[in-house]
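**Q** Counting from 2, one number per residue, gives the positions in the sequence shown under this note's numbering.
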Amino acid sequence: MSIIVIMISYLIGAVPTAYVIGRVFRGIDLREHGSGNLGATNAFRVMGARLGAATLVVDIGKGVLAVGLGSWASGPAELPLVAGLAAIVGHNWPVYLRFRGGKGVATSAGVFLSLLPVSSLCALVAFGLVLWKWSYVSLASIVAAGILPLAAAAQLLTTAIDPLTPARLALAVLAGVLVILRHGANIGRLRRGQEKKIVFSQDKS
């Protein structure tokens, strides 16, 4: 059962939301537009706020669904964590699109909103503040990815310790590192002053 749950969680995470929405509602391959990334930010830039928000919500939902599946299924206590990680891996490297996916920010948010909601809210607040101040989604994502394991450590080490505490903390660190590594090109552009800011404009027709 555990292997099946992990495989299903990967396939859920691998659903290329931005690609599907682009094809269905705009008749485009989002990989050929904007930054070419299959994430909510590029969906927002290319297709407008409404479809960008839809992409974001579905990608978050993939993480929530995977953790929920792991919690529902019979298996070891660590199964929800592994299922969540499988969904993140699926989003980043989807089998449906030759392993070229997004950067895992929204799906990771869904996973940790389910597993560590307080820590996730701390990371989301940091994301929102950085985005409001500098208007760089990439920078906000990187900061949030760094805040998440710190907030998780504070949350887990100040509450009752249980056998899953090390695994939860390790997953937070791993997820944060993955997000930062996936933003390598963005970090280079930020350093060179070439990164594009997000512009909150009206929806595109």
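Ideal Cβ placement from N, Cα and C applies to all residues, glycine included. Since this is a predicted model, take the numbers as computed values, not measurements.
If you reduce the DSSP assignment to three classes, tell me which class A78 lands in.
**A** The answer is coil: DSSP assigns A78 none of H, G, I, E or B.
**Q** Could I get the ranges of all uninterrupted alpha helix (DSSP H) runs contained in the segment 26-93, with 4 residues as the minimum, in chain order?
**A** Whole alpha helix (DSSP H) segments, 4+ residues: 41-48, 50-73 and 80-93.
**Q** Give the DSSP-derived three-state secondary structure of F100 in the structure shown.
**A** Correct three-state label for F100: coil.
**Q** Whole angstroms is fine: what's the gap from V144's alpha carbon to K134's?
**A** Those two C-alpha atoms are separated by around 13 Å.
**Q** Is the segment 151-160 in contact with the segment 181-199, if contact means three or more CB pairs nearer than 8 Å?
**A** Segments in contact, no.
**Q** Output the boundary residues of the alpha helix (DSSP H) element that contains G177.
**A** Counting along the chain, the alpha helix (DSSP H) containing G177 begins and ends at T166 to R183.
**Q** Over the uninterrupted alpha helix (DSSP H) stretch that includes Q156, give me the two end residues.
**A** That run of the alpha helix (DSSP H) goes V138 to L158.
**Q** Ends of the alpha helix (DSSP H) at K134?
**A** Counting along the chain, the alpha helix (DSSP H) containing K134 begins and ends at P118 to W135.
**Q** Going by beta carbon distance, what residues of the same chain come within less than 7 Å of R183, once the five residues before and after it are set aside?
**A** Once the five neighbours on either side are set aside, the close Cβ partners of R183 are N93, K104 and G105.
**Q** What is the residue span of the alpha helix (DSSP H) that I4 lies within?
**A** Unbroken alpha helix (DSSP H) run through I4: S3 to A15.
**Q** Can the beta-carbon of H34 be found closer than 8 Å to that of V21?
**A** Cβ distance not < 8 Å, so H34 and V21 don't count as in contact.
**Q** Could you have a look at I188 and say whether DSSP puts it in helix, strand or coil?
**A** In the structure shown, I188 sits in a helix (DSSP, three-state: H, G or I).
**Q** Contact defined as beta carbons within less than 8 Å: I believe L114 pairs with V65. What is the distance between those atoms, to the nearest angstrom?
**A** Confirmed, about 7 Å.
**Q** What separation, rounded to the nearest whole angstrom, lies between the Cα atoms of R101 and T160?
**A** Between R101 and T160, the C-alpha separation is close to 39 Å.
**Q** If we call anything under 8 Å between Cβ atoms a contact, is P138 one with L132?
**A** It should be pointed out that residue 138 corresponds to Val in this sequence rather than to Pro. Contact flag set, yes.
**Q** Taking only the alpha-carbon atoms, compute the straight-line gap between R169 and S75 and give it to the nearest angstrom.
**A** Looking at the two C-alpha atoms, the distance is approximately 19 Å.
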